[in-house]
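The letter at position 61 of the sequence shown is residue 61 when you use our numbering, and the numbering goes up by one with no holes.
Structure first, then comments.
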Amino acid sequence: MQPLAQLDREAWRFINSVSVITVCVDGVVNAMSAEWCAPVSLKPPLIGVFVGEERFTRPLIERAATFGVSLLAEDQAWIGRACGRYSGRAVNKIEAFRIPIEPAHYIEAPLIAGAAAQFECRVVDRRAYGSHLLVVGEPLRAVGNPAKRAIAYSRGRFYALGTEIPVDESVLEAQLLEGERR
Ligand SMILES: Cc1cc2nc3c(=O)[nH]c(=O)nc-3n(C[C@H](O)[C@H](O)[C@H](O)COP(=O)(O)O)c2cc1C
1 MQPLAQLDRE
11 AWRFINSVSV
21 ITVCVDGVVN
31 AMSAEWCAPV
41 SLKPPLIGVF
51 VGEERFTRPL
61 IERAATFGVS
71 LLAEDQAWIG
81 RACGRYSGRA
91 VNKIEAFRIP
101 IEPAHYIEAP
111 LIAGAAAQFE
121 CRVVDRRAYG
131 SHLLVVGEPL
141 RAVGNPAKRA
151 IAYSRGRFYA
161 LGTEIPVDES
171 VLEAQLLEGE
181 RR
């Protein structure tokens, strides 16, 4: 069996949250949108982000000892677009788009103010997988804003979370009991 040379775009139906990764290296500050940013461990808490090789962020995060993760809220999709369409190579996104930032407590890079959650991470590992570099960070500080709801991103569009789908646990339990009896 051959690995796929290219993925069918129709198969690409992943739904992710939207984070803004902030870095500060030698006084250069940059913010990049990342949908491929997720927890990788609970004990200890670890967060991983995949950074493409063409990103301005890439050489910065290759050298950074720390980075920020701000999980965008419903009123912040425009920040996800601004930090995900434009490169820090060409423009200072934070200044040009007046991205609301606030200083972090333990890291040099700022955080996105008003985000649904913020994490200040210390880099504990880096590993390249094809085009993307996985950078794993240990949060030194993590805060959630209960007044804000995180957003979703899929196939180039931003979404607010929709209706909860109820799952009837009792049906599963009944099936389990029935299976045990068989
Ligand atoms: C919502 C959204 C999510 C994105 N997720 C990622 C991601 O997880 N990893 C990545 O390398 N690029 C991702 N991108 C693309 C980068 O954010 C984009 O190329 C950006 O311009 C890079 O900025 P930089 O050159 O300043 O680093 C995403 C773009 C958008 C709009």
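Even for Gly, the Cβ is constructed at its ideal location relative to N, Cα and C.
The model shown is predicted, which means the values in this text are computed figures rather than measured ones.
| Asked | Found |
| --- | --- |
| Straight-line gap, residue 11 to residue 32 (C-alpha atoms, nearest Å) | 25 Å |
| Beta strand (DSSP E) segment containing residue 66, residue limits | 66 to 71 |
| C-alpha gap between residue 168 and residue 175, whole angstroms | 11 Å |
| Inter-residue CB distance, residue 133 and residue 62 (contact presumed, cutoff 8 Å) | 7 Å |
| Helix, strand or coil at residue 156 [DSSP, three-state] | coil |
| Residues sharing a beta bridge with residue 29, DSSP | 24 |
| Alpha-carbon to alpha-carbon, residue 82 and residue 21 | 13 Å |
| Any non-hydrogen atom of ligand 2 closer than 6 Å to residue 30 Cβ | Ligand 2 is not among the ligands present in this structure, which contains only ligand 1. |
| Residue 57 versus residue 1 - alpha carbon distance | 35 Å |
| For residue 55 and residue 87, the rounded distance between their alpha carbons | 7 Å |
| Opening and closing residue of the beta strand (DSSP E) in which residue 13 lies | Counting along the chain, residue 13 falls outside any beta strand (DSSP E), and DSSP gives it neither H nor E. |
| Proximity test, residue 135 beta-carbon vs ligand 1 heavy atom, cut-off 6 Å | no |
| Local conformation of residue 217 per DSSP, three classes | The question about residue 217 has no answer here: the residues shown for the chain are numbered 1 through 182. |
| Alpha-carbon spacing of residue 141 relative to residue 120, whole angstroms | 5 Å |
| Buried versus exposed call for residue 17 [16 or more other C-beta atoms within 10 Å across all chains shown] | buried |
| Neighbour-count burial assignment, residue 163, 16 or more Cβ in a 10 Å radius | exposed |
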